[in-house]
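Here the protein sequences line up with chains Y and H, keeping their order. For the first sequence, the numbering used here begins at 28 and goes up steadily by one. For the second sequence, the numbering used here begins at 10 and goes up steadily by one.
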Amino acid sequence: MSKVNLIIGREYWTRVKTKTFLLTTFLAPIAIALFYAVLIFLMTRGSDKTKNIAIIDNAGLAKNIEMEKNNLVFDLSNQSLDQLKDKYKAGEIDGIIELPPLDSAQSKYDIIYHADKTLAIDETSAIEKMFRKPIRNYKMQAFGFEQSQLDKIDTDIELSPQTVNETEKELSSITSLVSSGVGFAVGTLLFLVIMIFGTQVMRGVNEEKLNRIVEVLISSVKPIQLMLGKVIGIGLVGLTQFGIWAILGTIISVSALAFFGLDAGMVDPAANEMAAEAMSNPEVQSKMADVLKELSSINWGLIIPLYLVYFLLGYMMYASIFAAVGAAAGDDVNEAQALTTVVMVPLAAAFYIAISAAQSPDSTLAVWSSIIPITAPVVMPVRLASGPPAWQILLSVALCALFVLFMIWLASRIYRVGIMMYGKKASFKELGKWIAYRD
Amino acid sequence: MNILSLRNVVKRYEKHTAVNDVTFDIPKGKIFGMLGPNGAGKTSLIRMITSITKADQGEILIDGEPLNALHPMQIGYLPEERGLYKKMKVGEQLLYLARLKGLTQKDARGRLNAWLDKFEITDWWNKKVGELSKGMQQKVQFIACVVHDPKLMILDEPFSGLDPINTNLIKDEIYEMNKNGTSIIFSTHRMEQVEQICEEIVLMNQGRVVLEGNVKEIKNNFRDDKFELEFDGQFPSDMLGDSFEILKDDAISCVIQAKEGHDSNDLLRGLMDKNIKINSFKEVLPSLNDIFIKKVGESNE
Numbered sequence: 028m029s030k031v032n033l034i035i036g037r038e039y040w041t042r043v044k045t046k047t048f049l050l051t052t053f054l055a056p057i058a059i060a061l062f063y064a065v066l067i068f069l070m071t072r073g074s075d076k077t078k079n080i081a082i083i084d085n086a087g088l089a090k091n092i093e094m095e096k097n098n099l100v101f102d103l104s105n106q107s108l109d110q111l112k113d114k115y116k117a118g119e120i121d122g123i124i125e126l127p128p129l130d131s132a133q134s135k136y137d138i139i140y141h142a143d144k145t146l147a148i149d150e151t152s153a154i155e156k157m158f159r160k161p162i163r164n165y166k167m168q169a170f171g172f173e174q175s176q177l178d179k180i181d182t183d184i185e186l187s188p189q190t191v192n193e194t195e196k197e198l199s200s201i202t203s204l205v206s207s208g209v210g211f212a213v214g215t216l217l218f219l220v221i222m223i224f225g226t227q228v229m230r231g232v233n234e235e236k237l238n239r240i241v242e243v244l245i246s247s248v249k250p251i252q253l254m255l256g257k258v259i260g261i262g263l264v265g266l267t268q269f270g271i272w273a274i275l276g277t278i279i280s281v282s283a284l285a286f287f288g289l290d291a292g293m294v295d296p297a298a299n300e301m302a303a304e305a306m307s308n309p310e311v312q313s314k315m316a317d318v319l320k321e322l323s324s325i326n327w328g329l330i331i332p333l334y335l336v337y338f339l340l341g342y343m344m345y346a347s348i349f350a351a352v353g354a355a356a357g358d359d360v361n362e363a364q365a366l367t368t369v370v371m372v373p374l375a376a377a378f379y380i381a382i383s384a385a386q387s388p389d390s391t392l393a394v395w396s397s398i399i400p401i402t403a404p405v406v407m408p409v410r411l412a413s414g415p416p417a418w419q420i421l422l423s424v425a426l427c428a429l430f431v432l433f434m435i436w437l438a439s440r441i442y443r444v445g446i447m448m449y450g451k452k453a454s455f456k457e458l459g460k461w462i463a464y465r466d
Numbered sequence: 010m011n012i013l014s015l016r017n018v019v020k021r022y023e024k025h026t027a028v029n030d031v032t033f034d035i036p037k038g039k040i041f042g043m044l045g046p047n048g049a050g051k052t053s054l055i056r057m058i059t060s061i062t063k064a065d066q067g068e069i070l071i072d073g074e075p076l077n078a079l080h081p082m083q084i085g086y087l088p089e090e091r092g093l094y095k096k097m098k099v100g101e102q103l104l105y106l107a108r109l110k111g112l113t114q115k116d117a118r119g120r121l122n123a124w125l126d127k128f129e130i131t132d133w134w135n136k137k138v139g140e141l142s143k144g145m146q147q148k149v150q151f152i153a154c155v156v157h158d159p160k161l162m163i164l165d166e167p168f169s170g171l172d173p174i175n176t177n178l179i180k181d182e183i184y185e186m187n188k189n190g191t192s193i194i195f196s197t198h199r200m201e202q203v204e205q206i207c208e209e210i211v212l213m214n215q216g217r218v219v220l221e222g223n224v225k226e227i228k229n230n231f232r233d234d235k236f237e238l239e240f241d242g243q244f245p246s247d248m249l250g251d252s253f254e255i256l257k258d259d260a261i262s263c264v265i266q267a268k269e270g271h272d273s274n275d276l277l278r279g280l281m282d283k284n285i286k287i288n289s290f291k292e293v294l295p296s297l298n299d300i301f302i303k304k305v306g307e308s309n310e
């Protein structure tokens, strides 16, 4: 066992001590955070320059509109179009909106924008949106609705689930939404981790084979020790990386919240105002509270260890197969690619099923593919947040564990022959024979 | 006492038998040559001795004991196909390989320092292997193979790719280790190296042993009455024909083949009778290469 530890140690430290690892581990989350910060900044700022826009209102729609929208500043003008055009030419205003007379029978209404430069897409849609409600109200009133009737015409519709059995946990309209969101995130993560670190295992094994160091190693340790050492070592690298990402992610998001919550005012008063407005809106507030309540009602104490279990099972399952592929493939890139595809197909299938399982966690497809080992490590974690029956989880974990043992055995059979087989093309027939070889 | 004994060892692969009923002994403390053309079964045999593969039949004894899990730690193996991790530093890599052979960190470190000192390459410790030339990498590999002080060393084509200076350096190390009691198996198809280095050999072809024994004895057994002479004047033509044949004749010397029923005495007597002055005379023993070609040719028939 101590030799496996030595191998694990080498695989781990030679990777963790590289510059690439440090860069991806510490800079990637910062880069992502920066990316989002810039994105949010741009979105809240909209276009950079303030635009002064005069409105000629021939329809009586502009009475109650906001006179400032993002970077657009409106001015309800009494001047004629020609006068305004002169002002435009003099550079005093950036554009003129002309609202033609409106007839309640009209199903299309053209607002004319006079300027030599078109507006940005978000500006255009902001203006269109701005007039939607006044037009609607105008038409309603023309049809004879009272203002009090108008206020009551919009209805919020929500489907509220109610449990039949009293023992079941309380459901709310967003239970499935939250659990599918969590499930989707976890499923994607597992898929990515298995793929990224699985292919690292493959490349590592293939490197050892191609540069022939394996002959030296194999005279000191058994092939299966070498294979397990590599698989476990790289798995630990993955855990380390994700551990650091989780910690950094928490720090970044907590500090971002603090930053936006406390200091956003200094950055951008408008954005802060909007956020404050949204937060003070009782509807939004109650939704947020619901989401938080749902998140806290999920049994994390049970689910997080299960995520880890599935990560380990899924990783071991696929990484050992990737190891076998790395051992079987020669220096021919096409050969390695063809073999990789065979591994990637079930993994990709698992990912697609996981996406659909996030939306309908109790469909027949989702249930069975969360029990069948080859897809289970990606699909079952997706379903966990929505609370599948215990027997399904137990069955799935048990089958996966057995399958992992089988896969390690199978992979080590291929590995031990493949790793020392140079120049022979690894067809599937050939691989079959390797499995059957005696030592 | 034999360091290694093979008893009726058989290794079969799918379509062919790589090692077919091989039996021989390697005495302790010797440099033993294992010869054979490519595909003779040398590497298959070595892989069984180093526990990389298992024999299908037969027995392998190391120092009198059947092969067990501890034996690989007492064997140093320099494979023909060899390599190192390019991105790892020399020191780290050697430490790792030494520890895989069961040395403790401290012990390994001490021995490695001694070896690097010996090869005058202490400043390589922090160099990446990829930065070293091929010959330099071979030295590192050699150290990896000997650092755990094995009692049996197996060298598979150890000089391939080495320049003459490094060849001599490694050769000297091999002699020295042998002097200190390490038994060495030297596997190659380069005959001239074997003649210089090995006391005993086994010659393999197509999975079987076709010849074994002491190099000198083998050469004596294969003597074929060839003589090299230096003399003044012409070789008497009446001695040719049924009795002798000139194989080579140049300004300096001449090689004569004695035919069936004639020997060196007949040759010398004949020349002396003709009053030819002989300056030098020696028997030409066949080279291992000749024997090898002859034996392999025979066994292929």
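For every residue, glycine included, the Cβ atom is placed at its ideal position computed from N, Cα and C.
| query | result |
| --- | --- |
| Against chain C, with Cβ distances strictly below 9 Å, would ILE194/H count as a contact? | Among the protein chains of the structure shown, namely Y and H, there is no chain C. |
| Nearest to LEU33/Y by alpha carbon, out of VAL248/Y, THR190/Y, ARG230/Y, LYS90/Y? | VAL248/Y |
| For the region 223-246 of chain Y, which residues have a beta carbon sitting closer than 9 Å to at least one beta carbon of chain H? | GLU234, GLU235, LEU237, ASN238, ARG239, ILE240, VAL241, GLU242, VAL243, LEU244, ILE245, SER246 |
| Quick check: is the beta carbon of THR41/Y nearer than 9 Å to any beta carbon in chain H? | yes |
| Have a look at GLU38/Y and LEU141/H and give me their C-alpha separation to the nearest angstrom. | 22 Å |
| Leaving aside the five residues before and after ASP137/Y along the sequence, list all residues of the same chain whose C-beta is less than 8 Å from its C-beta, in chain order. | PRO127 |
| Sorted by chain position, which residues of the same chain lie with C-beta nearer than 8 Å to PHE208/H's C-beta, five sequence neighbours on each side aside? | In the sequence as presented, Phe is not what sits at residue 208/H; that position holds Glu. For GLU208/H, where only same-chain residues beyond five positions count, the Cβ hits under 8 Å are LYS39, ILE40, PHE41, ASN223, VAL224. |
| With 16 other CB atoms within 10 Å as the buried threshold, where does MET57/H fall? | buried |
| Let me check understanding here. Comparing Cα to Cα, which of LEU256/H, LEU220/H, LEU294/H lies closest to GLU307/H? | LEU220/H |
| In this structure, how does DSSP classify ALA81/Y when only helix, strand and coil are distinguished? | strand |
| Does any C-beta atom of chain H lie closer than 9 Å to the C-beta of VAL248/Y? | yes |
| For LEU49/Y, would you say it is in contact with chain H, using Cβ-to-Cβ distances shorter than 9 Å as the test? | no |
| From the DSSP output, which residues share a beta bridge with SER454/Y? | Beta-bridge pairing links SER454/Y to no other residue. |
| So, using beta-carbon positions, are ALA385/Y and GLY210/Y closer together than 9 Å? | yes |
| Check the Cβ-Cβ distances between PRO46/H and every residue of chain Y, and say whether any is below 9 Å. | no |
| Consult DSSP for ASP65/H and reduce its assignment to one of helix, strand or coil. | coil |
| Which residue wins for smallest C-alpha separation from THR215/Y, given the options VAL43/Y, ALA381/Y, LEU61/Y? | ALA381/Y |
| How many angstroms separate the CA atom of PRO404/Y from the CA atom of SER207/Y? | 16 Å |
| So who's on the other strand from ASP165/H, going by DSSP bridges? | SER196/H |
| So with Cβ pairs under 9 Å, would you call ILE35/Y a contact of chain H? | no |
| What residues in its chain sit with their C-beta under 6 Å from that of LEU164/H, if we drop five residues either side in the sequence? | LEU87, PHE195 |
| Counting only beta-carbon atoms, is MET407/Y nearer than 9 Å to chain H? | no |
| Distance check for PHE269/Y and ILE152/H, CA to CA, integer angstroms please. | 39 Å |
| Determine, using beta carbons only, whether LYS10/Y comes closer than 9 Å to chain H. | Since the displayed chain Y opens at 28 and closes at 466, residue 10/Y lies outside it and no answer follows. |
| Compare the C-alpha of SER107/Y against each of ALA81/Y, GLU95/Y, PHE433/Y, ALA58/Y and name the closest. | ALA81/Y |
| Where does GLN386/Y sit, in a helix, a strand or coil, going by DSSP? | helix |
| Determine, using beta-carbon pairs with one atom in the region 237-256 of chain H and one in the region 48-62 of chain H, whether at least three such pairs fall under 8 Å. | no |
| For the alpha helix (DSSP H) holding VAL99/H, just list the boundary residues, first then last. | 99-109 |
| For LYS483/Y, go through chain H and note every residue whose CB falls closer than 9 Å to its CB, in chain order. | Any property of residue 483/Y remains undetermined from this structure, which presents chain Y solely from 28 to 466. |
| Can you tell me the Cα-Cα spacing of GLY292/Y and GLU95/Y, whole angstroms? | Confidence in GLY292/Y is poor, its pLDDT being 41 and thus under 50, which makes the residue's placement too unreliable to answer from. |
| Would you please verify whether the beta carbon of ARG16/H is less than 9 Å from any beta carbon of chain Y? | no |
| Please specify which runs of the alpha helix (DSSP H), each continuous and at least 4 residues long, are wholly inside the region 232-288 of chain Y, giving them in chain order. | 240-245, 250-285 |
| What is the rounded straight-line gap between the Cα of LEU13/H and the Cα of GLY73/H? | 7 Å |
| In the DSSP output, what is ALA267/H paired with across the bridge? | PHE253/H |
| Distance cutoff 9 Å, beta carbons only. Does SER60/H sit that close to anything in chain Y? | yes |
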